[in-house]
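**Student:** Have a look at the structure that comes next, please.
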Amino acid sequence: MDLQPVSHEQQQNQKQPTTINNKLVFFYFPLKFANKDFSHALLFFLFLLFSSILFYNILSPLQPQYFLGIGSLSKILPKTSENSSKACDFSYGKWVWDESYVVDQYTENCPFLDPGFRCRESGRRDLDYRKWRWQPQGCDLAKFNAKDFLERSRNGRIVFAGDSIGRNQWESMICMLAQGVTNLSTIYEESGNPITKHRGFLSMHFHEYNLTVEYYRVPFLVVVDRPPANASRKVRGVIRLDKLHWYFTKWVEADIIIFNAGHWWNEDKTIKMGIHFQEGTTVNMTMNVAEAFQRSLNTWASWVIQNTKAEKSHIFFRSFSPVHYRQVLCGTNLLQQPDFCSTDLYYVA
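Add 10 to a position in the sequence shown, counting from 1, and you land on the number used in the numbering used here.
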């Protein structure tokens, strides 16, 4: 498409946009050039420049960034903007130390908290970890509102599936949501099971909102099985990298699914215990844990794509997190908070 500048005289005579020689005029450019070809080239260059900037900001990754130092083109709006919560990517940020930060979602008196996960009762003496808060880059994260969350989740299902990290998150979610319920007796486990360590699943029902928050213990996500008949005697068990746990059939219609896996994918819990990796009918005795984990995630991802609907379900995946138990070493540069220093082995929630 040709671009042609409009002279100053033509601009005065025309009150409405029009065409010249059947060629569309995009905008008025008042400068006069001796060389018409040069003016056409300049207009075309400006058109390409602004088009490139526009498409860059549309197609570039969802990260708070600037293009050519032009802040107005950033996807992340200023903190003072009323629309910052809509434009901000909350996952892009960092943990910051905030002396004024108050964590008041729940305490260890929450009746839905497993005794083994109560940090203070289990010996943790410091409280400094409660002063860290998540700060997204370019915006602020609104404070958690239990009643608002419950109302938005009415008639829904939230599923946590994975190892004990997922269980920690599940219990925290229940205790946080319980703050928005007046009568705690309306929150109960659907099968009457107590909150305790187990090898199955638990489903907490928020009766007032017809909401269930569920936890399924599947540390590998894929199936752990007996070795096939033709396997080596060294094989005590197998992890079926191409076969998901049967629990997956229960999650197809869930509104939110939070998966987590990673901590059990190490040699101590697999190869050193005689547990190797199987695909189809073949047990691979040379495959390392990292490759096996990747293959299992390919199986998981295929299930997500084929069995969940983007307009219905929100899927999250959480991998490695800090370990549960820690031997804290004093007198090292690893410790930034001196009050955290201890020679005892205690539970870190």
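Glycine included, C-beta positions come from ideal geometry on N, C-alpha and C.
On a predicted model such as this, the values are computed, not experimentally measured, just so you know.
For residue 214, is the classification buried or exposed, using 16 other Cβ atoms within 10 angstroms of its Cβ as the cut-off for buried?
**Tutor:** It is buried - the Cβ of residue 214 has at least 16 other Cβ atoms within 10 Å.
**Student:** Please work out which residues of its chain come closer than 6 Å, Cβ to Cβ, to residue 271, disregarding the five sequence neighbours upstream and downstream, and give them in chain order.
**Tutor:** Closer than 6 Å at Cβ, skipping near neighbours: 172, 231.
**Student:** Roughly how many angstroms separate the alpha carbons of residue 237 and residue 267, rounded to a whole number?
**Tutor:** Looking at the two C-alpha atoms, the distance is approximately 30 Å.
**Student:** Using DSSP with H/G/I as helix, E/B as strand and the rest coil, what is residue 283?
**Tutor:** In this structure, residue 283 counts as helix in the three-state DSSP scheme.
**Student:** Based on the DSSP output, what are the partners of residue 146 in its beta bridges?
**Tutor:** According to DSSP, residue 146 bridges with 103.
**Student:** I need the boundaries of the alpha helix (DSSP H) containing residue 157, first residue and last residue.
**Tutor:** Where residue 157 is concerned, the enclosing alpha helix (DSSP H) stretches over 156-162.
**Student:** Could you spell out the range, first to last residue, of the beta strand (DSSP E) harbouring residue 314?
**Tutor:** First-last for residue 314: 299-317, but that is the alpha helix (DSSP H), not the beta strand (DSSP E).
**Student:** Considering only their Cβ atoms, is the gap separating residue 124 from residue 205 smaller than 7 Å?
**Tutor:** Yes, the Cβ-Cβ distance between residue 205 and residue 124 is below 7 Å.
**Student:** Quick one, which of 252, 202, 263, 331 has its alpha-carbon nearest residue 308's?
**Tutor:** Of the listed residues, the one whose Cα sits closest to residue 308 is 252.
**Student:** Using only the alpha-carbon positions, how far apart do residue 132 and residue 313 sit?
**Tutor:** In a straight line, the C-alpha of residue 132 is about 39 Å away from that of residue 313.
**Student:** Residue 287 and residue 249 - do their beta-carbons sit closer together than 7 Å?
**Tutor:** Contact: yes.
**Student:** Between which two residues does the alpha helix (DSSP H) holding residue 178 run?
**Tutor:** Where residue 178 is concerned, the enclosing alpha helix (DSSP H) stretches over 174-188.
**Student:** Thinking C-alpha only, which one of 280, 104, 224, 301 is nearest residue 235?
**Tutor:** If we check each option's Cα against that of residue 235, 280 comes out closest.
**Student:** Considering only their Cβ atoms, is the gap separating residue 99 from residue 166 smaller than 7 Å?
**Tutor:** Contact flag unset, no.
**Student:** Could you pull the start and end residues of the beta strand (DSSP E) that residue 141 belongs to?
**Tutor:** Unbroken run through residue 141: none, as it is neither H nor E.
**Student:** Taking all protein chains shown into account, decide if residue 295 is buried (16 or more other Cβ within 10 angstroms of its Cβ) or exposed.
**Tutor:** Exposed, because fewer than 16 other Cβ atoms sit within 10 Å of the Cβ of residue 295.
**Student:** Quick one: residues in its chain with C-beta nearer than 8 Å to the C-beta of residue 111, no 5 flanking neighbours on either side, listed in chain order?
**Tutor:** Once the five neighbours on either side are set aside, the close Cβ partners of residue 111 are 140, 141, 142, 143.
**Student:** Please report how far the alpha carbon of residue 115 lies from the alpha carbon of residue 185, in whole angstroms.
**Tutor:** Distance between the alpha carbons of residue 115 and residue 185: 8 Å.
**Student:** Once you ignore the five residues that flank residue 157 on each side, which residues in its own chain have a CB closer than 7 Å to its CB?
**Tutor:** Cβ neighbours of residue 157 beyond the five flanking positions: 190.
**Student:** What would DSSP say about residue 239, mapped onto helix, strand or coil?
**Tutor:** Of the three classes helix, strand and coil, the one that applies to residue 239 here is coil, per DSSP.
**Student:** Which value, in whole angstroms, describes the spacing of the CA atoms of residue 223 and residue 101?
**Tutor:** If I take the Cα positions, the gap works out to 23 Å.
**Student:** Anyone know if the C-beta pair for residue 145 and residue 103 falls short of 7 Å?
**Tutor:** Yes, these two residues count as a Cβ contact at 7 Å.
**Student:** Going by the beta-carbon positions, is the gap between residue 118 and residue 130 smaller than 7 Å?
**Tutor:** Yes; because the gap between Cβ atoms is below 7 Å, this pair is in contact.
**Student:** Output the distance between the C-alpha atoms of residue 148 and residue 108, rounded to the nearest integer angstrom.
**Tutor:** Each residue's Cα considered, the two are about 17 Å apart.
**Student:** Is residue 269 closer than 7 Å to residue 327 when the C-beta atoms are compared?
**Tutor:** Going by C-beta atoms, residue 327 is nearer than 7 Å to residue 269.
**Student:** Taking only three categories from DSSP, how would you classify residue 110?
**Tutor:** DSSP places residue 110 in coil when its eight states are reduced to three.
**Student:** Between the beta-carbon of residue 164 and the beta-carbon of residue 219, is there less than 7 Å?
**Tutor:** In this structure, residue 219 lies closer than 7 Å to residue 164 by Cβ.
**Student:** Near residue 221, what residues of its chain come up, given a Cβ to Cβ distance below 6 Å and the 5 sequence neighbours on each side ignored?
**Tutor:** Cβ neighbours of residue 221 beyond the five flanking positions: 163, 166.
**Student:** Classify residue 378: buried if its beta carbon has 16 or more other beta carbons within 10 angstroms, exposed otherwise.
**Tutor:** In the structure as shown, the chain starts at 11 and stops at 359, and residue 378 therefore has no counterpart that could be examined.
**Student:** With DSSP as the reference, label residue 151 as helix, strand or coil.
**Tutor:** Correct three-state label for residue 151: coil.
**Student:** What's the gap between the Cα of residue 187 and the Cα of residue 240?
**Tutor:** Each residue's alpha carbon lies about 50 Å from the other.
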